[in-house]
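Here the structure comes first, spelled out in structure tokens, and everything after it is commentary.
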Amino acid sequence: MEIPSNFKVFIIQKYLSQGLNSIKQTKQIYDQQQQIQRLEQIKIAHIKREHNYWQLLRKSFTSSLRQCEQLVKLEFEPYCADNSAFVQEIGGWLGKLKDLIELSLIFNQSTNLKQESWKYVFQGLEQLKQLQKLEIIIGESCSLEEQGLNLLSYAISSLTCLKKLIIIINKSNYVSVLSLKNLVDNFKYFSQIEELKLQVQEYQIDISEEKLNLWQGLSFLQSIQDLDISLNLQYLLRIQFSKNAHTLFIQTYLAKRTQFSFKLKGERKGRYFFN
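When we follow this note's numbering, the leftmost residue of the sequence shown carries the number -5, and every step to the right adds one.
Right under this line is the structure:
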């Protein structure tokens, strides 16, 4: 009996379809394997990069310690992974630089230090009793948070020889107004400070903090010659912003004829320059 031609076509199409499905499945499996391999390669490269970064940081940091104990600049790269063991070493090294005069700590965007690592760094900073110039720059999204800022506040309270202080805290660090007030309150220990710059771009509000007075700590700066305060008041709308308090504060510095730059951003805008 002769096989109908359309039956042959059906058989051919059936096996062709099965073959294509098999090829597709094989390709999917291959693609998945390739993707897994690529992810593994990326992961290995990332680990190597982080390892190399910390090794280079260790080398450059120890080198700077050997070369000069008067000035040290330590900068963390953006998006680096936390290495608590090495950061603990950094804190230990910092604490040994008893004669250090000037220090710059720069944490670039998304320096992903955990709270334990912030503690190590600031514990080392706390030991530098002879420090005269300090610059601390916290980049955006570094997770400083309230606890980290409180650790910083406590650390700098022991640096009574400071003559110049710069603190810049960028956005998305989740610091509270209460921790900001603690920082400003500790300025009372800086009897010798002549130049101060404080810039905080963003902070978290708590309803229980409505009557905080951020000006009290600044009133203790008896030797100040150059003061630059930059706050974003859109985050202070529920905080008591007493007209009498900041007017008295300004009058105090007018009486001293101090160079004074005061910048307020947000709903209440103002800029004052007094010479």
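We put the CB at the ideal spot given by N, CA and C, even for glycine.
In the DSSP annotation of this structure, the continuous segment of the alpha helix (DSSP H) that includes I150 starts and ends at E139 to I150. The residues I132 and V194, in chain order, have a CB closer than 6 Å to that of I163 in the same chain once the five nearest residues on each side in sequence are set aside.
In the structure shown, I163 adopts extended strand secondary structure according to DSSP, grouped into three states.
The segment 115 to 127 and the segment 82 to 94 touch, with three or more beta-carbon pairs separated by less than 8 Å. If you draw a 10 Å sphere on the C-beta of G118, you find 16 or more other C-beta atoms in it, and that means buried. Taking Q186 as the centre and dropping the five residues before and after it, the same chain places the C-beta of T154, C155, L156, K157 and S217 closer than 8 Å to its C-beta, in chain order. L88 and F116 have their alpha carbons spaced roughly 9 Å apart. The continuous beta strand (DSSP E) containing Q193 extends over residues E189 to V194. Between L107 and C136 the beta-carbon gap is near 7 Å, inside 8 Å, which marks them as a contact. For I218, the secondary structure class from DSSP, reduced to helix, strand or coil, is coil.
Restricting attention to L212, L192 and G211, the CA atom closest to the CA of L225 is found in L192. In the three-state reduction of the DSSP assignment, I84 falls in the helix class. With fewer than 16 other CB atoms across the displayed protein chains lying within 10 angstroms of its CB, Y73 is exposed.
For F184, the CB contacts under 6 Å within the same chain, skipping 5 residues up- and downstream, are L156 in chain order.
In the DSSP annotation of this structure, the continuous segment of the beta strand (DSSP E) that includes S98 starts and ends at E96 to F101.
Here A79 has no same chain residue with a Cβ atom under 8 Å from its own Cβ, once five neighbours each way along the sequence are excluded.
In this structure, G86 keeps its C-beta atom at 7 Å or more from the C-beta atom of W112. When the Cα atoms are used, Q109 and V81 turn out to be separated by approximately 11 Å.
Exclusion of the five residues before and after E129 leaves S98 and I160 as the residues of its chain whose Cβ lies within less than 6 Å of its Cβ. In the DSSP assignment, K175 falls outside any beta strand (DSSP E) and within the unbroken alpha helix (DSSP H) covering V171 to D179.
Contact between S166 and E196 holds, with the beta-carbon distance rounding to 7 Å and staying under 8 Å.
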